[in-house]
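Worksheet for the structure shown next.
Chains as they are written, first to last, in full-length UniProt numbering: chain A, 1 to 163; chain B, 1 to 189.
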């Protein structure tokens, strides 16, 4: 698993597309929490729901999951029990990793926007959202072999196993 | 290697301006060739105080700056500079908001995608024009991309354009710095 993070509008999507050469390969799947932009060149991006994230049988050798923060927010809206939320994400991460290790050609790339460095939000639900995003990002960093922070298109590698 | 374009960003009060000013003073052959383009519009007391604060800081440095107060249409300044000039542009965030939410235009103009594109192109073209005439251009901007997604359409449009400008500037600049608590972290160059 490869976790790609950084602030909003920093070019994370563009970086992933370039790094994995996605424009020229047909064995990829891109699941996004966000509807595509008008100017989007990536016609293969699909808007996904929380449930589809668990359906690994439909995954392609390179599967990109974009908008982890949004998926986390969706689960928080459904699940009021705080402890269960984090546990449920951990089990999803486990499942992704299991799918990945079955075949060493497989790679799951997760894109998540860093939302934890701004002003403390006035709204309680947004504070809860920020907290969970922070915890889940720590967990997914644990699970991932590689982690990059993208800063206006420049990647800073925080973690790279085996190097 | 000749360094022409430098991009500097950081959080609020991170020391971006001081770092950039020092860099400009060190580079310019003398104060006649030291220019500041200030993009803030002086239209309320808080902004007046902030502008005064920056002016005083510059006075303490003991250097006389050629100051251009220009909130928008920076391309108009380009032919004022020559090849020995070091130019500090402070900052991109207010410049973009002055152009995007220009009180002289229809108040829904910022919603038009073609207008947004024009603002983006206009800013990049102005930067290129200034950069071509001077010897060094330092652009200061701000880190604004770490909040939960904004609910306000205007904020989203603004952040998206600012992010695209930052990406483009980092890709074309010779050096990029992120300032953390007064300490510059070199991100490129």
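Beta carbons: idealized from backbone N, C-alpha and C, even for Gly. It should be emphasised that the depicted structure is a prediction, and the values quoted were computed from it without experimental measurement.
Own chain, CB closer than 6 Å to residue 35 of chain B, minus 5 neighbours either side, in chain order: In the second chain, counting from the first residue as 1, residue 35 of chain B sits at position 35. Counting only Cβ-Cβ distances below 6 Å, and skipping sequence neighbours, we find 66, 85 and 87.
Can you check which of these residues, B/5, B/158, B/69 and B/41, is closest to residue 100 of chain B by C-alpha distance? Working through the second chain from its first residue, we reach residue 100 of chain B at position 100. Of the listed residues, the one whose Cα sits closest to residue 100 of chain B is B/158.
Does the segment 48-65 of chain A come close enough to the segment 95-109 of chain A that 3 or more CB-CB pairs lie under 8 Å? yes
At 9 Å on the CB atoms, spell out the chain B contacts of residue 121 of chain A, in chain order. As a first step, residue 121 of chain A is located in the first chain; it is residue number 121 there, counting from the start. Within 9 Å Cβ-Cβ: 147 and 148.
Contact list for the segment 151-178 of chain B against chain A, Cβ threshold 8 Å: Hits within the stretch, in order: 159, 160, 162, 163, 164, 166, 167, 169, 170, 171, 176 and 178.
Inter-residue CB distance, residue 174 of chain B and residue 5 of chain B (contact presumed, cutoff 8 Å): Taking the first residue of the second chain as 1, we reach residue 174 of chain B at position 174. Taking the first residue of the second chain as 1, we reach residue 5 of chain B at position 5. Between the beta-carbon of residue 174 of chain B and that of residue 5 of chain B there is about 5 Å, and that keeps the pair under the 8 Å contact cut.
Run through the segment 50-101 of chain A for me and flag every whole beta strand (DSSP E) of 3 or more residues, listed as ranges in chain order. Counting only runs of 3 or more, we get 62-66.
Since I believe residue 69 of chain B is in contact with residue 38 of chain B (beta carbons under 8 Å), could you give me their beta-carbon distance rounded to a whole number of angstroms? For the purposes of this step, residue 38 of chain B is identified with residue 38 of the second chain, where counting begins at 1. For the purposes of this step, residue 69 of chain B is identified with residue 69 of the second chain, where counting begins at 1. With a Cβ gap of about 5 Å, residue 38 of chain B and residue 69 of chain B count as contacting.
Under 7 Å, CB to CB, which of the residues in the segment 26-37 of chain A have a partner in chain B? none
Assuming residue 153 of chain A contacts residue 185 of chain B under a Cβ cut-off of 8 Å, what Cβ separation, rounded to an integer in Å, is found between them? For the purposes of this step, residue 153 of chain A is taken as residue 153 along the first chain, with counting starting at 1. For the purposes of this step, residue 185 of chain B is taken as residue 185 along the second chain, with counting starting at 1. Not quite, the Cβ-Cβ distance comes to about 16 Å (not below 8 Å), so this is no contact.
Mapping DSSP to helix, strand and coil, what is residue 89 of chain B? Locating residue 89 of chain B in the second chain gives position 89, counting from the first residue. Correct three-state label for residue 89 of chain B: strand.
Residue 117 of chain A classed as buried or exposed, judged by whether at least 16 other C-beta atoms fall within 10 angstroms: Sequence index remark: in the first chain, residue 117 of chain A carries index 117 (1-based). Counting Cβ neighbours within 10 Å, residue 117 of chain A comes out exposed, since fewer than 16 surround it.
Have a look at residue 161 of chain B and residue 97 of chain B and give me their C-alpha separation to the nearest angstrom. Start at 1 with the first residue of the second chain, and residue 161 of chain B comes out as number 161. Start at 1 with the first residue of the second chain, and residue 97 of chain B comes out as number 97. In a straight line, the C-alpha of residue 161 of chain B is about 10 Å away from that of residue 97 of chain B.
Could you tell me the distance, in whole angstroms, from the CA atom of residue 88 of chain A to the CA atom of residue 74 of chain A? Residue mapping note: residue 88 of chain A aligns to position 88 of the first chain, counting from 1. Residue mapping note: residue 74 of chain A aligns to position 74 of the first chain, counting from 1. Using only the alpha carbons, I get a separation of about 13 Å.
By Cβ distance, which residues of its chain are closer than 8 Å to residue 51 of chain B, with the 5 residues on each side in sequence left out? Sequence index remark: in the second chain, residue 51 of chain B carries index 51 (1-based). Closer than 8 Å at the Cβ level, and outside the excluded window around residue 51 of chain B, lie 38, 40 and 42.
Give the secondary structure of residue 148 of chain A by DSSP, where H, G and I count as helix, E and B as strand, and everything else as coil. Mapped onto the first chain, residue 148 of chain A falls at position 148. Reduced to three states, the DSSP call for residue 148 of chain A is strand.
Identify the continuous beta strand (DSSP E) that holds residue 151 of chain B and give its terminal residues. Locating residue 151 of chain B in the second chain gives position 151, counting from the first residue. Segment: none, residue 151 of chain B is in no beta strand (DSSP E) and carries neither H nor E.
Straight-line gap, residue 48 of chain B to residue 85 of chain A (C-alpha atoms, nearest Å): On the second chain, residue 48 of chain B is found 48 positions in, with the first residue counted as 1. On the first chain, residue 85 of chain A is found 85 positions in, with the first residue counted as 1. Distance between residue 48 of chain B and residue 85 of chain A, taken at the CA atoms: about 48 Å.
Name the DSSP bridge partner or partners of residue 183 of chain B? Against the second chain, residue 183 of chain B aligns to sequence position 183. The partner list for residue 183 of chain B (beta bridge, DSSP) reads B/180.
If you count every other CB in all the chains shown that lies within 10 Å of the CB of residue 54 of chain A, and 16 or more means buried, which is it? Translated into the one-based positions of the first chain, residue 54 of chain A becomes position 54. Under this definition residue 54 of chain A is an exposed residue.
Could you name the residues of the same chain whose beta carbon sits closer than 6 Å to that of residue 141 of chain B, not counting the 5 residues immediately before and after it, in chain order? The residue you call residue 141 of chain B lines up with position 141 of the second chain. The residues 9, 91, 92 and 93, in chain order, have a CB closer than 6 Å to that of residue 141 of chain B in the same chain once the five nearest residues on each side in sequence are set aside.
For the segment 110-121 of chain B and the segment 16-32 of chain B, state whether three or more C-beta atom pairs, one from each stretch, are separated by less than 8 Å. Contact check between the segment 110-121 of chain B and the segment 16-32 of chain B: fewer than three CB pairs, one atom from each, fall below 8 Å, which does not count as touching.
Just to confirm the assignment, what range does the beta strand (DSSP E) spanning residue 39 of chain B have? Start at 1 with the first residue of the second chain, and residue 39 of chain B comes out as number 39. Looking at the DSSP string, residue 39 of chain B is not in any beta strand (DSSP E), and its letter there is neither H nor E.
Whose C-alpha, out of A/48, A/147 and A/77, is nearest the C-alpha of residue 36 of chain A? Taking the first residue of the first chain as 1, we reach residue 36 of chain A at position 36. For the residues A/48, A/147 and A/77, the minimum Cα distance to residue 36 of chain A belongs to A/48.
According to a CB-to-CB cut-off of less than 7 Å, which residues of the segment 121-143 of chain A neighbour chain B? 121, 126, 129 and 130
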